[in-house]
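Notes follow the structure.
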Amino acid sequence: MIGVYIHVPFCRTLCPYCDFNRVRIDGAPPDAFVDALVREIDAFDARREAETVFLGGGTPSLLAPGQLDRILEAVRRRFDLKAPEITLEANPDDVTETLADAWRATGVNRVSLGVQSFDDAALRYLGRRHDAETARRACRTVAARFANWSMDLIYGAHPPASWPATLTECVSFAAPHVSCYGLTYEPDTPFGARAREAIDEDTALACYRRSRELLAGYERYEVSNFALPGFRCRHNLYYWRNLEYAGFGPGAFSFIDGGRSMNETALEAYLARPGRKAERLRLSEREIRVETLIQHFRLSEGLGRDTYADRFGRELGADFGAVLRTLMQRGLLEERDGRFVPTESGFELNNEIGLALVD
Ligand code: SF4
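Numbering-wise (numbering that gives the first Met the number 0), the sequence shown opens with residue 0 and increments by one.
Below, the structure is given as structure tokens:
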């Protein structure tokens, strides 16, 4: 089984903090893009069973229903979909009742809404094209049509004090899944020059802890992701369990048969040669094992000795016993019923686990 990712790199406005691969566009993406995507999917060289399809971006909610239909038809032609989770990322500004109905008709069964905040000042700071009222309307429209939906939220935008109210409002919508990410000031973005505006580490940690408190009815199943029972994001679990996925679209990554590859990033190059790889990396068995640990330790389920043995035919303790002991001594991991799981400090300082493992 694999997960299928489709990258739709178009946005109507470019948010100044965002470093994703995207281009500005008015209206729907060009049909030439959909043609290229369909060609790339049709040319995928193995028939595989897929459990998830994730349309991310960019802004997949800019696709016209007919375009979305063509893309999902191509996926169905090429992959055996098994009770698939089909997620579409949406900008609140694009959500209408008609469009949400059309998404359902194409087979989309999960919508991930880029709400980011319910505070107008924070949304302006982030340069988003929607306001809080638009976000509320989009939540109501999506919740009325999809049992499974998610909202993305960002903490650390100014004013940072708006964070608890955003979380409280999020809970009032009973979104089955919530992702909470800290704002970053990436060097290659307009925000890169404004890094001095970033909240300090203590404030960021306080925001993270507020997320835990106010989302207490949710399971924090990954460092930044919270779900009601039965609503974990099945697609993202492919990444966090370091399982295989096939990516389509400009700059999309794939991880198949021990190799990681990335498509051409620039739109023109992609349109000329859809599916051509800009990078290919064959990972050693050891690198795959290390990455598997790093990813699993983002999850509350951690990593079981038996899961590791089933996958690699080796003993977790024999391969990583020393570093696991160190991480437990540092209070970042603990062992429970044959599983190594992150402690609360392990969640809060998750990068430290990764650094120790690559050392
Ligand atoms: S944050 Fe989302 S909507 Fe904004 S530029 Fe990035 S991909 Fe586009």
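We put the beta carbon where it would ideally sit given N, CA and C, even for glycine.
Computed from a prediction, not measured in an experiment: that's the story for all the values here.
When the Cα atoms are used, what is the spatial distance from residue i to residue j?
{"i": "L348", "j": "N235", "result": "21 Å"}
{"i": "D99", "j": "T306", "result": "Reading the sequence as shown, one finds Ala at residue 99 and not Asp. Their Cα atoms are separated by approximately 39 Å."}
{"i": "A192", "j": "P8", "result": "24 Å"}
{"i": "E314", "j": "R304", "result": "7 Å"}
{"i": "P228", "j": "A174", "result": "12 Å"}
{"i": "R69", "j": "G181", "result": "35 Å"}
{"i": "L282", "j": "R136", "result": "45 Å"}
{"i": "Y4", "j": "V22", "result": "18 Å"}
{"i": "C17", "j": "P186", "result": "10 Å"}
{"i": "R288", "j": "L331", "result": "19 Å"}
{"i": "G258", "j": "L356", "result": "20 Å"}
{"i": "A203", "j": "Y154", "result": "8 Å"}
{"i": "Y220", "j": "E300", "result": "7 Å"}
{"i": "D318", "j": "R329", "result": "19 Å"}
{"i": "E333", "j": "S344", "result": "11 Å"}
{"i": "R310", "j": "T105", "result": "35 Å"}
{"i": "A197", "j": "Y184", "result": "7 Å"}
{"i": "V33", "j": "L71", "result": "11 Å"}
{"i": "R240", "j": "V114", "result": "26 Å"}
{"i": "F43", "j": "A146", "result": "32 Å"}
{"i": "A205", "j": "E212", "result": "10 Å"}
{"i": "R103", "j": "L80", "result": "17 Å"}
{"i": "R11", "j": "T58", "result": "8 Å"}
{"i": "V74", "j": "D358", "result": "40 Å"}
Closest by CA to residue i, which one among the options?
{"i": "P273", "options": "T183, R285, I293, G248", "result": "G248"}
{"i": "A31", "options": "T165, A173, I153, A268", "result": "A268"}
{"i": "R338", "options": "A355, A308, L354", "result": "A308"}
{"i": "E200", "options": "P159, N108, N90", "result": "P159"}
{"i": "L266", "options": "P29, E72, A226", "result": "P29"}
{"i": "S149", "options": "S344, S111, R76", "result": "S111"}
{"i": "F117", "options": "L166, E84, T58, A146", "result": "L166"}
{"i": "A89", "options": "L71, A134, D119, F311", "result": "A134"}
{"i": "L242", "options": "C138, T291, Y220", "result": "T291"}
{"i": "S210", "options": "E84, I198, S178", "result": "S178"}
{"i": "E445", "options": "V94, T105, G106", "result": "Since the displayed the chain opens at 0 and closes at 358, residue 445 lies outside it and no answer follows."}
{"i": "R109", "options": "A142, F78, Y184, D336", "result": "A142"}
{"i": "L298", "options": "D119, R324, Y237", "result": "Y237"}
{"i": "T86", "options": "G56, H295, Y124, E286", "result": "G56"}
{"i": "A156", "options": "A49, F225, D256, D119", "result": "D119"}
{"i": "D25", "options": "F225, L62, K81, P91", "result": "L62"}
{"i": "A271", "options": "G2, R11, A35", "result": "A35"}
{"i": "P83", "options": "L67, M327, T51, A73", "result": "T51"}
{"i": "A215", "options": "G353, A49, N262, H176", "result": "H176"}
{"i": "I1", "options": "A164, Q66, R128, Y244", "result": "Y244"}
{"i": "Q294", "options": "A164, A101, G353, N262", "result": "G353"}
{"i": "Y207", "options": "R195, N224, L280", "result": "N224"}
Specify the secondary structure class of residue i as computed by DSSP and reduced to three states.
{"i": "Y154", "result": "strand"}
{"i": "V94", "result": "coil"}
{"i": "L112", "result": "strand"}
{"i": "L80", "result": "strand"}
{"i": "V107", "result": "coil"}
{"i": "E196", "result": "helix"}
{"i": "T86", "result": "strand"}
{"i": "G2", "result": "strand"}
{"i": "F9", "result": "strand"}
{"i": "G258", "result": "strand"}
Given 6 Å as the limit, tell me if residue i has its C-beta closer than that to any heavy atom belonging to the ligand GDP.
{"i": "R310", "result": "The ligand GDP is not among the ligands present in this structure, which contains only the ligand SF4."}
Q: Entirely within the segment 272-343 and at least 4 residues each: give me those alpha helix (DSSP H) ranges in chain order.
A: 284-295, 304-311, 315-328
(Q) Taking 6 Å as the limit, name every residue whose beta carbon sits nearer than that to some heavy atom of the ligand SF4, in sequence order. (A) C10, L13, C14, C17, F19, R21, G56, G57, T58, N90, G113
**Q.** Segments of 3+ residues assigned as beta strand (DSSP E) that fall wholly inside the segment 14-60
**A.** 47-56
Q: Run through the segment 171-256 for me and flag every whole beta strand (DSSP E) of 3 or more residues, listed as ranges in chain order.
A: 176-181, 218-221, 224-226, 244-247, 252-255
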